[in-house]
Structure formats: C-alpha cells, structure tokens
Amino acid sequence: MTKELIELANVLNNEMSELKLILNNMEDEVIKREEESSFMPFINQMKDKLDNISVRMFKYSQVDEDIVFRSFIEDKLDQLMQGSDIDFKLIGEMDFIIKSSERKLFTFLKIILLLAIKTDSHKVHIHQNTNYIFIKFNGDYSLIAPNEIKPIDNHTSALLESLNRFGDQCHLEFNYNKMVSEVGFKLSFKK
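Residue numbers 1 to 191, in UniProt numbering, belong to the letters of the sequence shown in order.
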C-alpha cells in the first residue's frame with residue numbers, strides 16, 4: 001500500500017508540474033494579449049509612422065503657402081489611418097483656407113491624434129466652413145479640463161498649448177470645452 005501511495009504521489013507530482021507549465025503558458029499568453037490590446041504598441045507604431053511621414057514631408061515645408069484644410073487632410077488621410085482605430089470623419093462642404101506651412105499643419109494633425117489618444121477618443125469629427133474649424137472628440141473631457149483637484153498632466157498641457165500657438169500663428173481664436181448635447185468635448189478655431 002505504501003508503494004501504491006508513493007506511485008500515486010509521483011503521478012500527482014508529475015501532473016502538478018504539467019499544470020504549473022500550463023498555468024505559466026496561460027500567464028504568458030494573458031500578458032501577451034494585454035500588451036497587444038493596450039494602446040502602447042499602437043501609440044509607438046503611430047509615432048513611428050507619423051515621424052516617418054513628417055521626415056518625408058519636410059522638404060515640402062520650407063515655404064508658407066495657402067493650404068486648403070479639407071483637401072490636405074483628405075490627401076494625407078490614408079497615411080494617418082494606417083494602424084489606427086481612430087475614425088476620422090470629415091464633414092462640411094466648404095474649404096477652410098489658412099495661411100500656414102504644410103509642416104505646421106501636419107504637426108497640428110499629429111497633435112489632434114495624440115489628444116484623441118490621451119482622452120480615449122475613438123472618433124474625431126472635423127467640420128469646417130469659411131469662418132471656423134470645429135473638431136469634436138468622443139473622449140473624456142476631464143482628462144484635459146482645468147481642475148483644481150486633478151490638474152492635467154504636462155504632456156496634455158503641452159498639446160493644448162501647441163494648439164493655442166497654432167491658432168495664434170494662423171490668426172485664429174482657439175477654444176475648447178465640454179459638449180452639452182453629446183458625450184465628449186470640442187475644439188474650435190475661429191477667424
């Protein structure tokens with residue numbers, strides 16, 4: 001009987017070792033899936049692609065010129081959308097023409113994308129007419145709202161300051177606030 005117990009203990013021990021291996025494999029898989037589903041790989045991939053595009057565009061950005069905002073975005077949309085689950089919807093019938101270099105305008109688009117990521121936005125709607133650009137995000141406004149209890153982080157603050165500078169350079173008034181009728185917040189640039 002003792003011999004049978006020893007054999008049973010050995011069998012159980014072997015099965016426990018196998019179960020531990022299975023558990024380790026499961027943990028590895030969970031960690032791998034969490035990394036895949038997190039935003040970090042997406043953010044890094046997007047940064048690389050956008051930086052790549054910026055470098056390629058640099059040679060065309062030395063002279064200020066009139067940029068037709070809508071057609072510029074439409075031209076670059078395929079590049080911006082690669083590897084992204086952010087849905088850019090361009091609505092509006094008229095062109096919004098601003099005096100800026102392509103490099104500045106492309107930096108503006110990168111900031112919009114980073115702001116969307118920072119606020120967990122999955123949709124960004126851009127509407128323009130002859131007097132304003134209006135950008136709606138379906139993200140969390142509290143992440144960019146000035147608040148005494150929880151101040152916004154330095155990175156988000158820098159993004160908003162960059163948008164403000166862009167507005168100043170293009171002689172546009174920049175504002176942002178929470179939407180009342182929908183979830184999310186809006187940015188506006190008015191002439």
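Think of the CB as a built atom: it goes at the ideal place given N, C-alpha and C, for glycine as much as any other residue.
- About 5 Å separates the Cβ atoms of Lys136 and Lys186, confirming a contact at the 8 Å cut-off.
- Of the residues Gln169, Asn164, Glu29, the one whose Cα lies closest to the Cα of Ile112 is Asn164.
- Tyr141 is a Cβ neighbour of Gly184, given a cutoff of 8 Å.
- Taken through DSSP and simplified to helix, strand or coil, Lys110 comes out as helix.
- Per DSSP, reduced to three states, the secondary structure at Leu172 is coil, with no helix or strand assignment.
- Counting along the chain, the unbroken beta strand (DSSP E) around Leu187 starts and ends at 185-190.
- A straight line joining the alpha-carbon of Leu143 with that of Thr119 spans about 6 Å.
- With respect to Ser121, Asn138 sits close: the two C-beta atoms are nearer than 8 Å.
- Between Gly167 and Glu173, the gap from beta carbon to beta carbon is short of 8 Å.
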